[in-house]
Each structure stands twice: as structure tokens, then as C-alpha cells.
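In our numbering, the protein residues as written are 84 to 298.
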Amino acid sequence: GPILRHSKSALIGIVGAPDSGKTSLIARVYDNLQYVREEEPRFASSRTLVAFEKVCHGLRAASNASKAFVHRTPVAAQPHFYHLALGNTKTGTIDTLLLADRAGELYQALIDYPAQASTFIELRRSNVLNVLIDGEKISEISTRVSVLASARQLIDVLSQTSEIVTNTRLNLVLTKLDRVRAAKAELDVDAALNVLAEGARHRQERGFQDIRIFK
Numbered sequence: 084g085p086i087l088r089h090s091k092s093a094l095i096g097i098v099g100a101p102d103s104g105k106t107s108l109i110a111r112v113y114d115n116l117q118y119v120r121e122e123e124p125r126f127a128s129s130r131t132l133v134a135f136e137k138v139c140h141g142l143r144a145a146s147n148a149s150k151a152f153v154h155r156t157p158v159a160a161q162p163h164f165y166h167l168a169l170g171n172t173k174t175g176t177i178d179t180l181l182l183a184d185r186a187g188e189l190y191q192a193l194i195d196y197p198a199q200a201s202t203f204i205e206l207r208r209s210n211v212l213n214v215l216i217d218g219e220k221i222s223e224i225s226t227r228v229s230v231l232a233s234a235r236q237l238i239d240v241l242s243q244t245s246e247i248v249t250n251t252r253l254n255l256v257l258t259k260l261d262r263v264r265a266a267k268a269e270l271d272v273d274a275a276l277n278v279l280a281e282g283a284r285h286r287q288e289r290g291f292q293d294i295r296i297f298k
């Protein structure tokens with residue numbers, strides 16, 4: 084509540100199917116703050132520092148794991164919020180982000196129960212919604228059609244909920260880019276994402292403020 088009322092705060096929704104990479108993305112956002120360039124926003128503080136460190140543990144050598152891992156987000160009624168305060172080097176101000184993490188099973192269920200979308204606070208109040216596309220699954224011809232169909236249905240559910248689309252930017256975020264490139268599928272995947280984005284723009288009566296693609 085108090086954080087969201089701050090004039091320089093933004094709520095970031097991260098939406099996707101199970102194992103699409105939502106928690107991994109949050110972990111990378113935090114971990115990559117160690118390597119920012121001089122002109123980029125810098126870490127200032129966090130009220131969820133312990134939670135960030137826990138979620139990043141499996142990505143670091145200190146975990147002694149044979150390969151990187153991130154624990155699955157538990158299925159719970161409410162999302163978990165990660166808090167980040169970033170110093171803006173250009174203006175000298177502090178910008179506050181809340182990154183929402185909720186189990187992918189609950190987002191997937193919105194396709195069958197679209198009315199529930201308006202009860203998800205991170206969807207209702209997000210400044211930016213990131214819909215994650217599983218790069219590993221979309222690289223495989225056998226699963227590409229189903230991944231794109233699910234993403235299209237989810238975007239339609241979100242766009243039909245007026246509380247969500249008002250002043251909200253939609254990002255289509257391709258995850259697991261290394262798997263896409265290993266499968267030599269990047270050109271096909273890029274084309275599919277462009278079609279997905281253009282289709283979303285044409286189908287919406289009250290479109291998102293903007294739709295962008297990130298990898």
C-alpha cells in the first residue's frame with residue numbers, strides 16, 4: 084500500500100505458464116545489478132533483500148550445485164512481492180519497483196476462468212505486464228503451436244479486463260534464449276512473436292498502452 088502510493092513507484096507483473104522462467108527472471112534482475120554500466124540505474128536498497136538472496140542462491144557458485152537452479156514458486160492465494168529501490172544516476176532520484184511473483188499454474192488457470200483476472204492485484208495495478216514465452220518449448224515444432232495459443236489466450240484475457248489495460252504496457256518476453264539459439268530456431272521464433280504481438284494489437288478494442296517484445 085504505502086509503497087505503491089509513492090509517486091516514483093511501479094508495480095511490475097510477471098505472467099507466464101509453469102516453468103516459463105518467471106522466478107529466474109526476477110533473480111537475474113537483482114543479480115545483474117552488480118554489473119550495471121555507469122549511466123544505468125543502480126541498486127539503492129531493498130526491503131526484501133533476504134528473499135532476493137534466497138532466490139539467487141541456486142544461480143551462484145556458492146550453492147555448490149552441479150547446475151544452476153531456482154526453486155519453484157509455491158501455489159498460494161497471494162503473490163510474493165520483491166522490492167527494489169534504484170538510484171537514477173541522471174536525476175539523482177530513487178525509483179521503486181515491486182516485482183510480483185505468483186505460481187504459473189494460477190496464471191494458466193485464467194484462460195479457463197478469465198473473471199478471476201480482476202482479483203489478481205498485480206494484474207489490476209501493474210504499470211508494466213510481462214507475459215513470458217518459454218523459449219525452450221517454442222523452439223520445438225511439436226510444442227510451438229500450443230505455447231503460442233496459450234499466450235494468445237492469456238493476452239486476450241488480460242486485454243478484456245478494463246482494470247488491467249488502463250495505462251499498462253505489455254511486454255512479450257522470450258525466456259531461455261540460449262535454448263532457442265541452440266535449436267537454431269531464433270528466426271522462426273522472432274517471426275512467431277511478431278505475429279503474436281500484431282495479432283494482439285488488432286484484436287483489442289481497448290488496447291494496452293504499448294506492446295513490445297524483449298528477449
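In this text, a Cβ means the ideal position worked out from N, Cα and C, and glycines have one as well.
Cβ-based neighbour list, residue i, same chain, cut-off 6 Å, excluding 5 preceding and 5 following
i	result
glutamate 223	none
glutamate 123	none
valine 211	Ile95, Arg252
alanine 145	Model confidence at alanine 145 stands at a pLDDT of 46, short of 50, so the residue's coordinates are unreliable; what they give is reported in the following sentence. Here the set comprises nothing.
leucine 116	Phe126
aspartate 293	Arg252
Buried versus exposed, by CB contacts within 10 Å (16 or more), residue i
i	result
serine 196	The question names serine, but residue 196 in the sequence shown is tyrosine. The residue in question, tyrosine 196, is exposed, as its Cβ has fewer than 16 Cβ neighbours within 10 Å.
tyrosine 190	buried
valine 240	buried
arginine 185	buried
asparagine 250	exposed
glycine 96	buried
lysine 220	buried
threonine 106	buried
valine 133	exposed
valine 119	exposed
alanine 148	Because the pLDDT of alanine 148 is 45, which lies under 50, any placement of that residue in the model is unreliable, and the question is left without a value.
Proximity to residue i [Cα-Cα], best of the options
i	options	result
arginine 284	Ala232, Ile97, Gly187, Leu253	Leu253
leucine 279	Ser107, Leu257, Glu121	Leu257
glutamine 199	Pro124, Asp271, Thr244	Thr244
alanine 274	Gly290, Arg286, Phe291, Ile296	Ile296
glutamate 188	Gly175, Thr179, Ser233	Ser233
alanine 291	Ser225, Asp261, Ile238	Reading the sequence as shown, one finds phenylalanine at residue 291 and not alanine. Among Ser225, Asp261, Ile238, the Cα nearest to that of phenylalanine 291 belongs to Ile238.
proline 162	Ile204, Thr179, Ile194	Ile204
lysine 91	Phe164, Leu181, Lys137	Leu181
arginine 111	Arg130, Val228, Tyr165	Tyr165
serine 209	Ala183, Arg227, Val228	Ala183
threonine 131	Arg286, Ala266, Thr179	Thr179
glutamate 269	Lys298, Arg286, Val133	Lys298
arginine 227	Leu276, Leu108, Thr172, Ala265	Leu276
Beta-bridge pairing of residue i - partner residues as DSSP gives them
i	result
glycine 170	Arg125, Ile177
leucine 270	Bridge partners of leucine 270: none, in fact.
serine 92	Thr179
isoleucine 194	DSSP output for isoleucine 194 lists no bridge partner at all.
arginine 295	Asn254
histidine 163	Asp184
valine 98	Val214
Spatial neighbours of residue i in its chain, beta-carbon cut-off 7 Å, leaving aside the 5 residues before and after
i	result
alanine 127	Ala168, Leu169, Gly170, Ile177
aspartate 207	The sequence shown places arginine at residue 207, rather than the aspartate named in the question. Hits under 7 Å: Ser201, Glu246, Ile247.
serine 129	Phe135, His166, Leu167, Ala168
aspartate 271	none
arginine 286	Asp239
Contact set for residue i: own chain, Cβ-Cβ below 8 Å, skip 5 residues either direction
i	result
aspartate 217	Gly99, Ala100, Asp102, Ser103, Gly104, Val230, Thr258, Lys259
valine 214	Val98, Gly99, Ala234, Leu237, Ile238, Leu241, Leu253, Asn254, Leu255, Val256
alanine 192	Gln199
isoleucine 194	Ser233, Gln236, Leu237, Val240
glycine 282	Arg235
*May I have a chain-ordered list of the beta strand (DSSP E) segments no shorter than 3 residues that lie completely inside the region 205 to 266?*
211 to 216, 252 to 257
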